[in-house]
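Colleague: One structure follows; several queries about it will come next.
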Amino acid sequence: MTLTRRQFLGAAAGTAALAGLSACSDVHSGGGGAASSTDLPSVSQSAAGSGSAGSTASAGAKASPTAKLSGTVSFAFWGGSTGETAGFTYAKKKFEAANPGTTIEFQVSPYDGFFSGIDRGIQTGKAPDTFRVDYTTIAKYSSRGLLLDMSPYFTTAETQAFLPALWDAVKSNGVPYGVPHQTDTTCIVYDTKAFETAGITSVPDRLEDAWTWEEFADVAAKLRKTLPAAKFPFAYDWTKAGAFRWLSWLYQAGGTLLTPDLKKAAIPSDAATKALDFTKSFFTNKWVPSTGTIKTSQYSDNFFLSQTVPMSFVGDFLVPEIADPKAGYKGDWAATFMPRDKAAAADLGGNAIVARKDSSNPDLAAAWLKFLVQEDAMRYFCEQAIELPTLQSLASAELKYAFRPDVVSVCAKQATTISDTIVKESTVPAFSSINTVLGDQLELAFHDQSTEQTLAALAAAVDKALTS
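Under our numbering, the first residue of the sequence shown carries the number 190, and numbering increases by one thereafter.
Below is the structure:
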């Protein structure tokens, strides 16, 4: 399967960083769940790189180390899919074999509480040497001078091997504080027989033919008529820390969350009102389960796997779970694109790998990070975990995905709908806090709080987060 993402990701380069939230525990995507940066210690502004146009370290100075690597570094990541674990284990074995005398020590924990654990470790001096972090959370650590500057470990040519927007995703003030490991995004999966029963005979197979909001509403209404009361047309992947995914509707409506200078909320607005009214109608029309709100225990794929819904918005990293021969979806299913209004838009998730600045073995930590994003290790990880690569050489390559490459193809094409505005807004340092208040207000809106009140409260909370 060929991934056709180069055009978008190249265009999103420059000062913009790549928007994204991570695939998390129980193989569900979530991000912005980290604790407030006020919980963390910080170093001086100069150490953090604040106000600097770039690194003071010599670029590429340590790209080819002459000294033999030795020792142990710890690597923390949240427990996810079998494919992700297989990918990391593969890289660990290869790295240790290539560097005798080195050990990579895995520390695996659930996503819920993962970053709280990292924060406690930083405060007590017991944090892992290296750890996984979603793109929207990395600024929480880099802005406080807690991460290792990777500039000395990459030559200019090596940095240019990455898709530009993804390399920008790990930068703060022009300094790379990690490596971009993978990306993921959302698409729609659906039960083909349920669609046939509802008389839905045409499903978009090209991005440019994606349903309009009106067409999507018609699909949902047709499904509603043919389903029993205990079942619903679809579920959306905004559960818990996935609240930010509601923003796709805002962007599709032609709106933005922030002003162009990223300093204030751009809501209330006509687009925000339209997006919120439309998504609130999912509940009033009984298109989604009443429990399918933000603060629920069930994710969109759970509703699909239990056949409570015949259609669901899911991340590509969930494909192995849905396609599993034993525990996966019972029935024929396929994938299509997210709907569009004035524009097409979707979230683009993914994770970086970072190292602590005060690691006792920074060169070994940096070597591990660099190894993870070499072509062989990245290819294997993405193929097993069903995720999208960050290297240009792999972005247009034929990857042998372990499950449903046809579905991954849909997700890869959907990823091209991330605009530069989405990229910039989703990577402001305050995004974790914004995601929290977004979830709080959406939950209230989906339980009958007025649209006007919701947007006003959200705007005030966003402004506060941006100035905190």
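All C-beta atoms in this analysis are idealised placements derived from N, C-alpha and C, irrespective of residue type, glycine included.
Could you check what DSSP says for Ile251 in three-state terms: helix, strand or coil?
Modeller: First, the amino acid is wrong: residue 251 is Lys here, not Ile. It is coil, neither helix nor strand.
Colleague: Give me the Cα-Cα distance between Thr375 and Leu537, rounded to the nearest whole angstrom.
Modeller: Taking the straight line joining both Cα atoms gives about 7 angstroms.
Colleague: I need the straight-line Cα distance from Asp595 to Lys283, nearest angstrom please.
Modeller: Using only the alpha carbons, I get a separation of about 30 angstroms.
Colleague: Which same chain residues, not among the five before or five after Phe493, have their C-beta less than 6 angstroms away from its C-beta?
Modeller: Same-chain partners within the cutoff: Ser501.
Colleague: Tell me whether Leu337 sits in a helix, a strand or coil according to DSSP, three-state version.
Modeller: Three-state DSSP puts Leu337 in coil, outside helix and strand.
Colleague: Would you check if there are 3 or more beta carbon pairs closer than 8 angstroms linking the region 521 to 541 to the region 248 to 259?
Modeller: Short answer: they don't touch.
Colleague: How is the beta strand (DSSP E) around Arg321 delimited, first residue to last?
Modeller: Residues Thr319 to Asp323.
Colleague: Among residues of its own chain, excluding the 5 on either side of His370, which ones have a beta-carbon nearer than 8 angstroms to its beta-carbon?
Modeller: Arg321, Gly539, Asn540, Ala541, Ile542, Leu561, Val562, Met567, Phe570 and Thr579.
Colleague: Could you check what DSSP says for Val359 in three-state terms: helix, strand or coil?
Modeller: Three-state result, Val359: coil.
Colleague: Looking only at its own chain, which residues have a Cβ that is under 8 angstroms from the Cβ of Leu336, when we skip the five neighbours before and after it?
Modeller: The residues are Ile327, Tyr330, Tyr366, Gly367, Val543, Ala544, Arg545 and Lys546.
Colleague: DSSP beta-bridge partners for Cys376?
Modeller: Answer is Val503, bridged to Cys376.
Colleague: Consult DSSP for Arg309 and reduce its assignment to one of helix, strand or coil.
Modeller: The answer is helix: DSSP assigns Arg309 an H, G or I state.
Colleague: Mark Ala354 as exposed unless 16 or more other C-beta atoms lie within 10 angstroms of its C-beta, in which case mark it buried.
Modeller: The residue is buried, with at least 16 neighbouring Cβ atoms inside 10 Å.
Colleague: In terms of residues, what are the limits of the beta strand (DSSP E) holding Gln296?
Modeller: From DSSP, the beta strand (DSSP E) with Gln296 extends over Thr291 to Ser298.
Colleague: Which residue's Cα is closest to the Cα of Thr372: Thr291, Leu258 and Ala535?
Modeller: Ranking the options by Cα distance to Thr372, first place goes to Ala535.
Colleague: Mapping the DSSP letters down to three states, classify Phe351 as helix, strand or coil.
Modeller: Note: Phe351 maps to strand in three-state DSSP.
Colleague: To which residues of the same chain is Tyr440 closer than 8 angstroms at the C-beta, ignoring the five residues directly before and after it?
Modeller: Correct list, in chain order: Ala532, Ala534, Ser608, Thr610 and Ile611.
Colleague: With the cut-off set at 7 angstroms, would you say Gln630 and Leu647 are in Cβ contact?
Modeller: Cβ atoms of Gln630 and Leu647: closer than 7 angstroms.
Colleague: For Glu510 and Ser489, I'd like the C-alpha separation in whole angstroms.
Modeller: Near 12 angstroms, if we compare the C-alpha coordinates of Ser489 and Glu510.
Colleague: Rounding to the nearest angstrom, what Cα-Cα distance links Trp134 and Trp435 in this structure?
Modeller: Past the edges of the chain, shown from 190 to 657, lies residue 134, and the structure says nothing about it.
Colleague: My assumption, with CB atoms under 8 angstroms, is that Thr319 sits in contact with Ala554. Please give the rounded CB distance.
Modeller: With 8 angstroms as the limit, Thr319 and Ala554 qualify as a contact, their Cβ atoms being about 5 angstroms apart.
Colleague: Judging by CA-CA distance, which residue of Leu451, Lys429 and Ala460 is the nearest neighbour of Ser437?
Modeller: That would be Ala460, whose Cα lies nearest to the Cα of Ser437.
Colleague: Note the first and the last residue of the continuous beta strand (DSSP E) segment covering Ile389.
Modeller: Ile389 -> no beta strand (DSSP E), and no H or E assigned at all.
Colleague: Which ranges would you report for the alpha helix (DSSP H) in the region 516 to 596 if only whole runs of at least 4 residues count?
Modeller: Taking only runs of at least 4 residues, the alpha helix (DSSP H) segments lying wholly in the region 516 to 596 are 551 to 561, 564 to 574 and 581 to 584.
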